[in-house]
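Asks:
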Amino acid sequence: MKVLLLKDVVSLGKAGDIVEVAGGYAQNFLIPKNMAKLATNEVINKYKADIKRKEEKLALDTQLAEATAKTIRDLSITIAKKVGSNNHLFGSLTKDEVASELEKQHRIVLDKKHLEIPSIKSPGTYEVVAKLGHGLNASFKVVVVQE
25 MKVLLLKDVV
35 SLGKAGDIVE
45 VAGGYAQNFL
55 IPKNMAKLAT
65 NEVINKYKAD
75 IKRKEEKLAL
85 DTQLAEATAK
95 TIRDLSITIA
105 KKVGSNNHLF
115 GSLTKDEVAS
125 ELEKQHRIVL
135 DKKHLEIPSI
145 KSPGTYEVVA
155 KLGHGLNASF
165 KVVVVQE
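Position one of the sequence shown corresponds to residue 25 (the working numbering), numbered consecutively onward.
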């Protein structure tokens, strides 16, 4: 019986492989555990279409991330914070503040989870890294000035 593997199976192959197995093994183990489907033409064509759709989505997401990275690389945002007498900020600059200022000043929306900021406790210029997915990182400058 030919089956299309939906998950990697150590003794048979990787997900997407079409393998020949005993009927009982397929009917009693692989298919009930959603590790495989019976390899009909319809199932194979649907699987290939799903793979193609996922590849197209990945390519589109990568292009979008590259365009965002290109835009972000040249940016600089300025944030005014209250500073004490010892030239230290009251509190520190947070990812939330950086993300909201990026949106206000440049209309670029990034989730705060995707930002890596150094510990910012005094006025100055700092480099912030935005992780955009697909292995792409882009850095931009954050200038902290006294309010």
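Note that CB positions come from ideal geometry on N, CA and C, so glycine has one too.
Suppose you measure from the CA of residue 159 to the CA of residue 48; what does that come to, to the nearest Å?
Replies: As a first step, residue 159 must be located in the sequence shown, where it is residue number 135. As a first step, residue 48 must be located in the sequence shown, where it is residue number 24. Their Cα atoms are separated by approximately 44 Å.
Asks: Using C-beta distances below 6 Å, list every residue in its chain close to residue 50, excluding the 5 sequence neighbours before and after it, in chain order.
Replies: Looking up residue 50 in the sequence shown gives position 26. Result list for residue 50: 25, 27, in chain order.
Asks: Under the DSSP definition of a beta bridge, which residues are partnered with residue 83?
Replies: Here the question's residue 83 lines up with position 59 in the sequence shown. Residue 83 pairs with nothing; no bridge assigned.
Asks: Return the residue from the list 144, 65, 133, 151 that minimises the CA-CA distance to residue 107.
Replies: For the purposes of this step, residue 107 is taken as the residue at position 83 of the sequence shown. Of the listed residues, the one whose Cα sits closest to residue 107 is 144.
Asks: What are the complete beta strand (DSSP E) segments, minimum 3 residues, inside the stretch 41 to 91?
Replies: Counting whole runs of 3 or more residues, the stretch 41 to 91 contains the beta strand (DSSP E) stretches 42 to 44, 60 to 62.
Asks: Within the same chain, show all residues whose beta-carbon is closer than 6 Å to that of residue 92, passing over the 5 residues directly before and after it, in chain order.
Replies: Taking the first residue of the sequence shown as position 1, residue 92 is located at position 68. Same-chain partners within the cutoff: 156.
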